[in-house]
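Trainee: Here's a structure for you.
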Amino acid sequence: MDVSAPVTAADYALERNPNAASAPDRELAMEAPAFGMVFTDHMARATWTLEGGWGNRRVEPFADLSLHPGATVLHYSQQVFEGLKAYRWADGSTRLFRPEGNARRMAASAARLSLPPVSEDEFLASVEALLAVDGDWVPTQGESSLYLRPLLMGTEACLGVRPSHEVEYLLMACPVGAYFAGGVRPVSIWVAQGFHRAGEGGTGQAKTGGNYAGSLMPQQQAQDNGCDQVLFLDAREDKYIEELGGMNVFAVRRDGTVVTPRVTGTILEGVTRDSVIELLRAEGREVVERDIALEDLRSGIADGSVVELFACGTAAVVTPIARLVSPSFDEVVADGGPGTLTMHVRGALTDIQYGRAEDRFGWMTRVS
Ligand SMILES: *Cc1c(COP(=O)(O)O)cnc(C)c1O
């Protein structure tokens, strides 16, 4: 065997799920799925060992895992994940949005967590292998999609603190409905009080579960204060806005320029963030990546020089932000409604994703 040949979907051995959902059951499950609550019939897997590297690629029935209680991931959170979507186009084909971006980011996240790299072709092959058997789970109606969740975790039974000698790659999939089922609703944002998502030299730039675990309590405080999401400030000065728990942020100025925090190592570089920047620049708009002090943002909202605020990420695409709230202020952005440019960006992105507009950036990858 040529060990340097790229991995393809054909390298995944298929074990069909004898209890796969019937077509009517599948349709029923896909009618109005809550995010991440409905899973398809199969999952793709591959196993890495220190001696043998990646192997044992398979697509098997979706089921509970068998893990040793001493597995590294359970104790020391040696884990990274990804999130991307497969879209059904009107012509019946299935497309992925910039999967190479997710593959590259997973490799970078893995390096930070001392996990073995998953190559770009390995990543794409696993998605193709799973979609080949679960392709009917890509929803057809409205702005729904099949959310793909790749996961990498240390599974060796060892309580010693060191990188696991055994690692599992898992790919699962969830049909998801339109994020804003009842129409786009602007959200309220709570500014985290005394808690930070990431510090310099930490894991903020990696997509790893630990970052999310630490964001749960501040997120709860946001909800306790009547807000939807939490906005984190930088850990060093508690002064500059960074991002939400799982979404990047942008502000639109009255003069038409768009600003977003520059990536410094403590911000997760979203594929959506990158796409928004590219899209707006292609339209001739000035997009500035720089430090944004909360105080400047606040006064800009108050004096009308900041006219729109939005968050973005794979799950919700683009979400308008109506309010910025803390114990000492409550700033309503413009009239609180979804901003014009926010909705334009959202429309332009989803039009490309669903094939309603020409894929002029070459972002879509056809898988079937
Ligand atoms: C995944 C994620 C994002 C958004 O990234 P996309 O690639 O656009 O989905 C933003 N921030 C954090 C912390 C994330 O984990």
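If you count the sequence shown from 1, you need to add 265 to reach the numbering used here.
Ideal placement from N, C-alpha and C gives every residue a C-beta, glycine not left out.
What does a CB cutoff of less than 6 angstroms around Ile542 pick up in its chain, not counting 5 residues either side in sequence?
Mentor: Cβ within range, chain order: Val552.
Trainee: Since Met418 and Gln343 are thought to touch, with beta carbons under 8 angstroms apart, how far apart are those beta carbons, to the nearest angstrom?
Mentor: That pair is a contact at about 7 angstroms.
Trainee: Once you ignore the five residues that flank Ile566 on each side, which residues in its own chain have a CB closer than 7 angstroms to its CB?
Mentor: So the qualifying residues of the chain are Leu589, Glu596 and Val598.
Trainee: What are the boundary residues of the beta strand (DSSP E) that Pro326 is part of?
Mentor: From DSSP, the beta strand (DSSP E) with Pro326 extends over Gly318 to Pro326.
Trainee: Kindly indicate which three-state DSSP category Pro364 falls into: helix, strand or coil?
Mentor: The answer is helix: DSSP assigns Pro364 an H, G or I state.
Trainee: Go ahead and label Ala274 buried or exposed: buried means 16 or more other beta carbons lie within 10 angstroms of its beta carbon, across all protein chains shown.
Mentor: By the 10 Å Cβ count, Ala274 comes out buried.
Trainee: What is the DSSP secondary structure of Glu543, counted as helix, strand or coil?
Mentor: In this structure, Glu543 counts as helix in the three-state DSSP scheme.
Trainee: Using only alpha-carbon positions, find the residue among Arg518, Arg527, Asp520 and Trp402 that is nearest to Glu508.
Mentor: The shortest Cα separation from Glu508 among Arg518, Arg527, Asp520 and Trp402 belongs to Arg527.
Trainee: Just the C-alpha distance for Ala547 and Ser410, rounded to the nearest angstrom, thanks.
Mentor: Whole-angstrom Cα-Cα distance: 26 angstroms.
Trainee: Opposite Ile586 in the DSSP bridges: which residues?
Mentor: BP columns for Ile586 point to Val452.
Trainee: Taking 7 angstroms as the cut-off, is the C-beta of Met371 nearer than that to any heavy atom in ligand 1?
Mentor: Outside the cutoff, so no.
Trainee: Is it the case that the CB of Thr537 approaches a heavy atom of ligand 1 more closely than 7 angstroms?
Mentor: Result yes, Cβ under 7 angstroms from ligand 1.
Trainee: Measure the C-alpha to C-alpha separation of Val571 and Pro592 and round it to an integer number of angstroms.
Mentor: Val571 and Pro592: Cα-Cα distance of roughly 21 angstroms.
Trainee: Closer than 6 angstroms by C-beta to Asn513: which residues in its own chain qualify, once you throw out the five before and the five after it? Chain order, please.
Mentor: Correct list, in chain order: Gly535, Arg538 and Cys577.
Trainee: So, Ile532 versus Gln470, is the Cβ gap smaller than 8 angstroms?
Mentor: Yes, the Cβ-Cβ distance between Ile532 and Gln470 is below 8 angstroms.
Trainee: Let me check one thing: in DSSP terms, what residues is Ile506 bridge-paired to?
Mentor: In DSSP, Ile506 forms a bridge with Leu498.
Trainee: With a 10 Å radius around its C-beta and 16 neighbouring C-beta atoms as the bar for buried, classify Asn284 as buried or exposed.
Mentor: That one is exposed.
Trainee: Please state whether DSSP places Leu396 in a helix, a strand or coil.
Mentor: The answer is helix: DSSP assigns Leu396 an H, G or I state.
Trainee: Would you check if the distance between the CB atom of Tyr412 and the CB atom of Lys350 is smaller than 8 angstroms?
Mentor: Yes, the Cβ-Cβ distance between Tyr412 and Lys350 is below 8 angstroms.
Trainee: Taking only the alpha-carbon atoms, compute the straight-line gap between Val610 and Asp401 and give it to the nearest angstrom.
Mentor: Answer to the nearest angstrom: the Cα atoms are 29 angstroms apart.
Trainee: Is it buried or exposed, Ser633, if we count other Cβ atoms within 10 angstroms and call 16 or more buried?
Mentor: When all chains shown are included, Ser633 counts as exposed.
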